[in-house]
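Engineer: This note's numbering applies: residue 169 is where the sequence shown begins, and numbers increase by one. No residue lacks a Cβ here, since even glycine has one placed at the ideal position from N, Cα and C. Could you have a look at this structure, given as structure tokens, before my questions?
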Amino acid sequence: MSTLLHIDSSVSPGSASRAVAGQFAAAWADSHPGGSIIHRDLSITQPPHLSWDAVSASMTPDEARTAEQAAAWQTREELIGELEAADNLVVSVPMYNWSITSTLKAWIDGVIVVGRTVSMTGGPGILTGKPVTVITARGGAYGPGTPQEGKDYQEPYLRHIFGALGATDISFIHVELTRAAVNPAMADLVPLATQSREAAEKAALARAAA
Ligand SMILES: Cc1cc2nc3c(=O)[nH]c(=O)nc-3n(C[C@H](O)[C@H](O)[C@H](O)COP(=O)(O)O)c2cc1C
């Protein structure tokens, strides 16, 4: 049975990245009858920032952990367990300050355990053989020739992280210019924003059904 791990991270109720990831998940469910979806909303259940207990627990055998280390490790195990259970991953990510949400960064810090989820010697990682789809939303546009070109610190970072976790099939789908609808200074960009959203929805549906 297939399992999709669906992670959202926007704090916005009208989130574009969340909406497109929702469409992805619905299309994935249609094309995987009997499959199951694990939905983790990082804006609701926020992973804790790393503590020393959480870090040192990864270097301490189970039986030698303090109660604090054991509790911190349990939280990391829960996140890692969802990655283990999944054979497909979709992550929605708003662009905040040129990068990702702090909750997604906390999730990344929770699931990266060298020797367990990431290999430093060229071996497989926890996402090896699992497709990863990242759906981003940004207020501006970051493609070639735009004034913001080169300032996208989301895609290169996440591409590296999911690669470190062993994924090789990583696809990014961007919803750009979302601020055009609400910022009068961007009014002339509304048609491009609409185009970007429609292209993202189409790409998400195609990728989910693949
Ligand atoms: C705290 C914050 C920081 C933001 N920083 C950026 C930014 O650096 N670049 C950008 O293009 N848009 C930025 N935006 C706009 C969001 O990327 C945009 O609203 C996007 O649609 C958010 O994703 P969502 O619709 O899935 O919530 C920011 C918005 C917020 C709330």
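1. Under DSSP, the alpha helix (DSSP H) around His328 begins and ends at which residues?
2. Thinking C-alpha only, which one of Ala353, Ser180, Glu344 is nearest Trp266?
3. Quick one: residues with CB closer than 6 Å to any heavy atom of ligand 1, in chain order, please.
4. So, does the region 205–223 touch the region 326–340, judging by three or more C-beta pairs under 8 Å?
5. At which residues does the alpha helix (DSSP H) containing Leu272 begin and terminate?
6. Do Gln316 and Thr304 have their CB atoms nearer than 7 Å?
7. Determine the DSSP secondary structure at Arg233, reduced to helix, strand or coil.
8. When we look at the beta-carbon of Arg284 and count the other beta-carbons within 10 Å, is it buried (16 or more) or exposed?
9. Quick check on DSSP: helix, strand or coil for Leu247?
10. Just how far apart, CA to CA, sit Asn351 and Thr228?
11. Tell me which residue opens and which closes the alpha helix (DSSP H) that Leu172 is part of.
12. Please report how far the alpha carbon of Ala274 lies from the alpha carbon of Gln214, in whole angstroms.
13. Could you tell me whether the Cβ atoms of Arg375 and Thr296 are closer together than 7 Å?
14. Which word fits Met263, buried or exposed, when buried means at least 16 other C-beta atoms lie within 10 angstroms of its C-beta?
15. Under a three-way DSSP split, which group does Thr362 fall into?
16. Could you check if Ser183 is buried or exposed, using at least 16 other CB atoms within 10 Å of its CB as the buried criterion?
17. How big is the Cα-Cα spacing for Ile280 and Ile294?
18. Would you call the region 235–253 and the region 286–293 touching, i.e. three or more CB-CB distances under 8 Å?
19. Can you name the start and end residues of the alpha helix (DSSP H) that Ala305 belongs to?
20. State the Cα-Cα distance for the pair Gly278 and Arg244, rounded to the nearest angstrom.
21. When burial is assigned at 16 or more other CB atoms within 10 Å of the CB, is Glu231 buried or exposed?
Structural biologist: In terms of the structure at hand:
1. 323–332
2. Glu344
3. Ser178, Ser180, Ser183, Ala184, Ser185, Arg186, Pro262, Met263, Tyr264, Asn265, Trp266, Ala305, Arg306, Gly307, Gly308, Thr346, Arg347
4. no
5. 270–279
6. no
7. coil
8. Note on Arg284: under 16 other CB atoms within 10 angstroms of its CB, so exposed under the neighbour-count rule.
9. helix
10. 52 Å
11. Where Leu172 is concerned, there is no enclosing alpha helix (DSSP H), although the beta strand (DSSP E) it sits in stretches over 171–176.
12. 8 Å
13. no
14. buried
15. Of the three classes helix, strand and coil, the one that applies to Thr362 here is helix, per DSSP.
16. buried
17. In a straight line, the C-alpha of Ile280 is about 9 Å away from that of Ile294.
18. no
19. Boundaries around Ala305 are those of the beta strand (DSSP E), 300–305, since no alpha helix (DSSP H) includes it.
20. Rounded to whole angstroms, Gly278 and Arg244 show a C-alpha spacing of 5 Å.
21. exposed
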